[in-house]
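For reference, the structure is listed below as structure tokens.
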Amino acid sequence: MNFDYMAIWENSDILLNGLSMTLLISAITIPIGVCIGVGICLMRISNNRILRWTAISYIEVIRNVPLLILIFMVFYALPFYGIRLAGLTTGIVCLSMYGGAYFAEIFRGGIQSVPNGQFEACKALGLKYSFYMRRVIFPQLLQYVFPPGTNIALTMIKESSLLSMITVAELTYAAHDINGRTFTPVETFAAIALLYWLISTLFLNLAERLNRKLGGDQIADSITIR
Amino acid sequence: MSSTPNTNETPRTTIRQANVIVEIRNMNKWFGKFQVLTDINLTVREGDKIVICGPSGSGKSTLIRCINRLEEHQEGDVIVDGIELTEDIKNIDKIRSEVGMCFQQFNLFPHLSVMENCVLAPMSVRKMHREDAKALALQYLEKVRIPEQANKFPSQLSGGQQQRVAIARALCMQPRVMLFDEPTSALDPEMIAEVLDTMEDLAREGMTMLCVTHEMGFARKVADRVIFMDQGQLVEDSDPISFFENPKHDRTKKFLEQVLQH
Numbered sequence: 000m001n002f003d004y005m006a007i008w009e010n011s012d013i014l015l016n017g018l019s020m021t022l023l024i025s026a027i028t029i030p031i032g033v034c035i036g037v038g039i040c041l042m043r044i045s046n047n048r049i050l051r052w053t054a055i056s057y058i059e060v061i062r063n064v065p066l067l068i069l070i071f072m073v074f075y076a077l078p079f080y081g082i083r084l085a086g087l088t089t090g091i092v093c094l095s096m097y098g099g100a101y102f103a104e105i106f107r108g109g110i111q112s113v114p115n116g117q118f119e120a121c122k123a124l125g126l127k128y129s130f131y132m133r134r135v136i137f138p139q140l141l142q143y144v145f146p147p148g149t150n151i152a153l154t155m156i157k158e159s160s161l162l163s164m165i166t167v168a169e170l171t172y173a174a175h176d177i178n179g180r181t182f183t184p185v186e187t188f189a190a191i192a193l194l195y196w197l198i199s200t201l202f203l204n205l206a207e208r209l210n211r212k213l214g215g216d217q218i219a220d221s222i223t224i225r
Numbered sequence: 000m001s002s003t004p005n006t007n008e009t010p011r012t013t014i015r016q017a018n019v020i021v022e023i024r025n026m027n028k029w030f031g032k033f034q035v036l037t038d039i040n041l042t043v044r045e046g047d048k049i050v051i052c053g054p055s056g057s058g059k060s061t062l063i064r065c066i067n068r069l070e071e072h073q074e075g076d077v078i079v080d081g082i083e084l085t086e087d088i089k090n091i092d093k094i095r096s097e098v099g100m101c102f103q104q105f106n107l108f109p110h111l112s113v114m115e116n117c118v119l120a121p122m123s124v125r126k127m128h129r130e131d132a133k134a135l136a137l138q139y140l141e142k143v144r145i146p147e148q149a150n151k152f153p154s155q156l157s158g159g160q161q162q163r164v165a166i167a168r169a170l171c172m173q174p175r176v177m178l179f180d181e182p183t184s185a186l187d188p189e190m191i192a193e194v195l196d197t198m199e200d201l202a203r204e205g206m207t208m209l210c211v212t213h214e215m216g217f218a219r220k221v222a223d224r225v226i227f228m229d230q231g232q233l234v235e236d237s238d239p240i241s242f243f244e245n246p247k248h249d250r251t252k253k254f255l256e257q258v259l260q261h
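Residue numbers (numbering that gives the first Met the number 0), protein chains in the order written: chain A, 0 to 225; chain B, 0 to 261.
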């Protein structure tokens, strides 16, 4: 069995460009997605009916439509209404909004998992909403949002491959490019898969470190099932 | 209004002209269609130590939770320290900083140390400096007799210790009245005494307290008023001796028979 390493090696520059593009997209969209998620979540749980309804509609639309269709709508359909975005911009906007919808629901689940008594203790002490959400509730919900949150972030990293369909030169696009030149799908796609796997592992490592820094592991680590 | 000092020798015969801290007038509350509090009229003066008892579902917890707006009342007036409790969030926050509360489940913040639990509110609400807040917290931790646990986390403490921290945390806001919602009901029997002793110390120092509890011994010893509630109504309100020896209402008698059997 011949594994044609040279095909990959000679085109490593294309690969590296694609890799850096994927990394860039992920590095931008995941934080923005988290911010959108926090905002939508607070709207979703607010007492204001308009805010609540806007949040629910946003989440429903994003969750029930395939990301690819969303991307196509923004890239191909929006220009008819005067909004023409470049491929990369489209990708970042769509991916961030996609992540935002899911993060919102994850944060909402996290807030609901914090025992009600915590909220009551905060209110009884006279603490302000913005203060206690930040200093008391948020640290406690980290342990609940970390597993599903990293799942969504990983999904976003992998879904960035869809952007290859609107001419963004990220990793999947590079794979098609190299394959088109060298006709070595086995080696090419194996290399791409390995690179995606490396990105994901690197991300999980960073996420775990961030989680530890924010104090999210204190409570979770003590939970064991006998 | 002037207040004459409350001497411990004859608290029940001295006529006190103390300030009114909590005033509840014609209060009614519903959960949906179900009425949980009916025609509540209650006056709490400075220095009063009130124990509220009654069967479960009688509305005792709901009543004291209406005082710091953890529950909302639909009809009637609730006035705390001269401020009326309404929708106005500024009033609610002001009242909450003057009313301290201790919960059955302690509700300590698990990710913060004992000291941090205690200084959080004084620093945020009263804008105290960290050093002043820490000194204050240490003072109250000494009062509840666990100053050495200041740097531990709640999960490292026993139930009795956690509840005492909760009491210290509430006291750090230096409230005018303390509410206790069944503070010993979640504790193992051997830890109940240490919490009740702490509450007794508090009472002796003149703190105004409303305590929902099943601990009748505590009521007899510490309270100067015992209130019996049943099905959302204040049935009886008298001094401990009259309450336990000579209850006026049949419902009270029945309840006491059941509770004081063991």
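Ideal placement from N, C-alpha and C gives every residue a C-beta, glycine not left out.
Since we're looking at a predicted model, the values are computed, not measured.
| query | Can you name the residues of chain A whose CB is closer than 9 Å to the CB of residue 69/B? | reply | 119, 122, 123
| Do you know whose CA, among 193/B, 176/B, 189/B, lies nearest residue 205/B's CA? | 176/B
| request: Go ahead and pull the three-state DSSP assignment for residue 197/B. | output: helix
| the region 33–41 of chain A touching the region 100–116 of chain A, judged by at least three CB pairs closer than 8 Å | yes
| query | Short check: CB of residue 28/B to CB of residue 21/B, under 8 Å? | reply | no
| Which stretch, first to last residue, makes up the beta strand (DSSP E) that contains residue 144/A? | Careful: residue 144/A lies outside any beta strand (DSSP E), inside the alpha helix (DSSP H) at 137–158.
| said: Using 8 Å as the threshold, is the C-beta distance between residue 10/A and residue 134/A below it? | reply: no
| Between residue 12/B and the rest of its own chain, which residues show a CB-CB distance below 8 Å, the 5 nearest in sequence each way excluded? | Note on residue 12/B: pLDDT 43, under 50, position unreliable in the model; no value is reported.
| task | List the DSSP bridge partners of residue 179/B. | result | 101/B, 210/B
| task | Quick one: grab the DSSP three-state call for residue 34/B. | result | strand
| query | If we ignore side chains and look at the alpha-carbon of each, how far apart do residue 206/A and residue 197/B end up? | reply | 45 Å
| message | Please report whether the beta-carbon of residue 109/B lies at a distance below 8 Å from any beta-carbon of chain A. | response | yes
| query | Contact check, residue 177/A vs residue 96/A under 8 Å by CB: the rounded distance? | reply | At roughly 31 Å, the Cβ-Cβ gap does not stay under 8 Å, so residue 177/A and residue 96/A are not in contact.
| Can you tell me where the beta strand (DSSP E) with residue 256/B in it begins and where it stops? | Unbroken run through residue 256/B is the alpha helix (DSSP H), 249–258; no beta strand (DSSP E).
| said: Relative to the C-alpha of residue 209/B, which candidate in 69/B, 76/B, 99/B, 86/B has its C-alpha closest? | reply: 99/B
| Quick one: Cα of residue 45/A to Cα of residue 131/B, how far? | 36 Å
| request: Scan the region 84–161 of chain B and note each continuous alpha helix (DSSP H) run of 4 residues or more that stays entirely inside, going in chain order. | output: 88–97, 113–124, 129–142
| C-beta contact flag for residue 115/B and residue 174/B at 8 Å | no
| said: Which of the three DSSP states is assigned to residue 68/B in this structure? | reply: coil
| query | Which residues in chain A sit within 7 Å of residue 120/B, going by Cβ to Cβ distance? | reply | 124, 125, 126
| field | Per DSSP, the bridge partner or partners of residue 232/B | value | 229/B
| said: Would residue 126/A and residue 112/B qualify as a contact pair, given that the criterion is a beta-carbon distance under 8 Å? | reply: no
| query | What's the call for residue 195/A, buried or exposed, on a 16-neighbour Cβ count within 10 Å? | reply | buried
| So, is the C-beta of residue 198/B closer than 8 Å to a C-beta in chain A? | no
| Cβ-based contacts, 8 Å cut-off: residues of the region 112–137 of chain B near chain A | 119, 120, 123, 124
| task | Have a look at residue 69/B and residue 114/A and give me their C-alpha separation to the nearest angstrom. | result | 15 Å
| query | In the structure shown, what three-state DSSP assignment does residue 183/A receive? | reply | coil
| Below-8 Å beta-carbon distance, residue 175/B vs any chain A residue | no
| message | Across the region 133–140 of chain B and the region 130–148 of chain A, are there enough close Cβ pairs to call them in contact, namely three or more that are closer than 8 Å? | response | no
| task | Quickly, what does DSSP pair residue 59/B with across the bridge? List them, please. | result | The partner list for residue 59/B (beta bridge, DSSP) is empty, contrary to what the question assumes.
| Which of the three DSSP states, helix, strand or coil, is assigned to residue 213/A? | coil
| At a Cβ threshold of 8 Å, is residue 102/B touching chain A? | yes
| request: Look up residue 127/A in the DSSP assignment and say whether it is helix, strand or coil. | output: coil
| said: In the DSSP assignment, the beta strand (DSSP E) including residue 221/B goes from what residue to what residue? | reply: Not the beta strand (DSSP E): residue 221/B falls in the alpha helix (DSSP H), residues 215–221.
| query | Can you tell me where the alpha helix (DSSP H) with residue 78/B in it begins and where it stops? | reply | Residue 78/B -> not in any alpha helix (DSSP H); beta strand (DSSP E) instead, spanning 74–79.
| said: Using a 10 Å radius around the Cβ and a threshold of 16 neighbouring Cβ atoms, would you call residue 48/B buried or exposed? | reply: buried
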